[in-house]
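Notes to accompany the following structure.
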DNA sequence: CGAAAAGTTGATTGTCTTCAAAACTGGTGG
DNA sequence: CCACCAGTTTTGAAGACAATCAACTTTTCG
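Chains as they are written, first to last, in the numbering used here: chain U, 1046 to 1317; chain D, 1046 to 1317.
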């Protein structure tokens, strides 16, 4: 897959057609609420506009209906609040319904590392399966809503619906592959390549959700981004400024526009 | 869990009792052959001395017997040869029976990143589940033998034996958590901390297999280790020399002895 | 409106990389 | 069995890139 070569956060929606459009079509900077025309209505997986990107992807209509059994009530998470935190007992996986999250691991000595950013359709909490305890925390970077999937019920259902079992394996494998990409980024790329790879990945994921591929809002601070990319926030800021001087992007605060996609791709493809 | 704080390669054998001893007890530098008194005999999971570290961990005796159904004939891999490579069709997972492997991702432009080192009892190939194609390659760093587990048969069996389903989820989750640890290492530690964290992790894993915790052989080159740790081989070498000057370790070629475990732990626990 | 948070930019420092050469190890074939 | 050679490791010196420290600007939010 071509995209894997430069993707730091390897596409979390491997089999999403690029042409997928959510309805209604998003102008590009729609706030989270726009995702959900009917604010509090519970939407079944089979009716969810994220079904092609999320857990039910690839399941038959009948299987999808059964999945609704494990999806509990939605949970809202305000900006800055935690969905779960390190050490908390693991009981459920969470699919992002709207909004934007970061996950981070924290060490006893106060070191902190952002391990990923999650957007609509992506699953959080997989780290907790190992020993029924979350080993990272998830923080909403904007007001968000998640679908809560009780893990024990998922296991039961996966036992009956083998397509769900397959899909769970694929989701976990995808996360492993994504993290390989991040390791590649952290282990062998310079600052500019890291930022470029991140932007390309984010652009692709936005596009897969029907947003503009070239123009979007960065939901995280420079410090969060720096942590994820293994850089200090000043370096991230300087790198953005440099890319702007070179006419490759236009960055204004958190508003980002890619002006020269080819140049951005070129930055990641060639040796440092 | 205390160990998670400094483990780059988070313990791949989470529920192994530290006191686990393989029989016969290993003197510390036993070659791979020692693991297998009967060279070519097929050992069932239920009789395998690695069962507490590997896929059957935590399964009942009856379930373990059923697992033998999916474990095909062993496969030998000579030093330097690939078990599987990027792009190859994924059909099976592999459990290391003896020997030592590295896994690495490679990009079109020739960049290379070692994503992990695997030893007895650890599972390789999880990255291939996502799209039935391996996204990394596995190379034996010494003559090795693996148990081949056909994935489609594993899925069938997991459908019947729910304990196997649970265990597969745990193994994948463990890999995700391990990679979080590597991201923390690559994203926020200096060279000395990275090397120290790696040594502590390796020591722990050796110990879990009945080897000495303080004295072992490094099976990988400095270049491999550098790739894994996001450093150049010269930096790895210099860091070893520095740790040696400080009286913390004794390194001679690939033979390594930890002289001051507490000091090594201190290097990782405190802020850079 | 004012304070706090987030972001930018500059100067300097430090760590790691790069380039280079020498020393060591281990396997192979004479 | 020993010598040799390729691959690996060590060490040094110089240079590059990102981190650090610091000042200032802009935005956000109570």
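Ideal Cβ positions, reconstructed from N, Cα and C, are used throughout, including at glycine.
Only a predicted model underlies this, so the values are computations on that prediction, with no experimental measurement involved.
Distance between residue 1266 of chain U and residue 1160 of chain D, taken at the CA atoms: about 28 Å. The three-state reading of DSSP puts residue 1113 of chain D in coil, since its state is none of H, G, I, E or B. The C-beta of residue 1152 of chain U comes closer than 9 Å to at least one C-beta of chain D.
Per the C-alpha coordinates, the member of D:1166, D:1308, D:1127 and D:1155 positioned closest to residue 1093 of chain D is D:1166. Of all residues in the segment 1231-1262 of chain D, the ones placed with a Cβ closer than 9 Å to any Cβ belonging to chain U are 1231, 1232, 1233 and 1234, in chain order. Contacts between residue 1158 of chain U and chain D, judged by CB atoms closer than 7 Å, involve 1228, 1229, 1232 and 1233 in chain order. Residue-level contact by beta carbon holds for residue 1176 of chain U and chain D, with a gap shorter than 9 Å. The contact set of residue 1275 of chain U on chain D, defined by CB atoms closer than 9 Å, consists of 1228, 1231, 1232, 1233 and 1275 in chain order.
At a cut-off of 9 Å, the C-beta of residue 1211 of chain U has a neighbouring C-beta in chain D.
Residue D:1144 holds the alpha-carbon nearest to the alpha-carbon of residue 1264 of chain D among D:1144, D:1192 and D:1109. Rounded to the nearest angstrom, the gap between the Cα atoms of residue 1290 of chain U and residue 1242 of chain U is 18 Å. Around residue 1137 of chain U, the same chain offers 1170, 1193, 1194, 1195 and 1196 as residues with beta carbons nearer than 7 Å, after the five sequence neighbours per side are excluded.
For residue 1163 of chain U, the secondary structure class from DSSP, reduced to helix, strand or coil, is strand. Within the same chain, Cβ atoms closer than 7 Å to the Cβ of residue 1312 of chain D are found at 1237, 1238 and 1241, the five residues on either side in sequence being excluded.
In the DSSP annotation of this structure, the continuous segment of the alpha helix (DSSP H) that includes residue 1284 of chain D starts and ends at 1278-1290. Here the segment 1119-1136 of chain D makes no contact with the segment 1241-1258 of chain D; the two share fewer than three CB pairs at distances below 8 Å.
DSSP lists U:1169 and U:1193 as the beta-bridge partner residues of residue 1139 of chain U.
Around the beta carbon of residue 1181 of chain D, 16 or more other beta carbons sit within 10 angstroms, so the residue counts as buried. Residue 1219 of chain D places its beta carbon less than 9 Å from that of residue 1175 of chain U. With respect to the C-alpha of residue 1209 of chain D, the residue from U:1208, U:1212, U:1296 and U:1204 having the closest C-alpha is U:1204. The Cβ atoms of residue 1120 of chain U and residue 1186 of chain U do not sit closer than 9 Å to each other.
Within the same chain, 1208 come within 6 Å of residue 1104 of chain U by CB-CB distance, once the 5 residues on both sides are set aside. For residue 1215 of chain U, the neighbours in chain D by C-beta distance under 9 Å run, in chain order, 1174, 1175 and 1176. The continuous alpha helix (DSSP H) containing residue 1313 of chain D extends over residues 1306-1314. Residue 1134 of chain U sits in a strand when the DSSP states are folded into three classes. Closest option to residue 1177 of chain D, judged by alpha-carbon separation, among U:1141, U:1214, U:1183 and U:1198: U:1214. Burial check for residue 1087 of chain U: the Cβ neighbour count within 10 Å stays below 16, so the residue is exposed. Chain order gives no chain D residues near residue 1115 of chain U, where near means a beta carbon separation below 9 Å; the closest approach is about 15 Å.
Counting the other CB atoms within 10 Å of its CB gives residue 1101 of chain D a total of 16 or more, which places it among the buried residues. Against chain D, the beta carbon of residue 1179 of chain U has no neighbour under 9 Å; the closest one sits roughly 10 Å away. Proximity of chain U to residue 1314 of chain D at the Cβ level (cut-off 9 Å) is accounted for by 1152, 1153 and 1154, in chain order. For residue 1256 of chain D, no alpha helix (DSSP H) encloses it, and the DSSP letter there is neither H nor E. Interface residue (Cβ-Cβ distance to chain U less than 9 Å): residue 1119 of chain D is not classified as such. The DSSP-derived three-state label of residue 1187 of chain U is coil.
The secondary-structure analysis by DSSP pairs residue 1181 of chain D with nothing; it has no beta-bridge partner. By the beta-carbon neighbour count (other beta carbons within 10 angstroms, threshold 16), residue 1297 of chain U is exposed.
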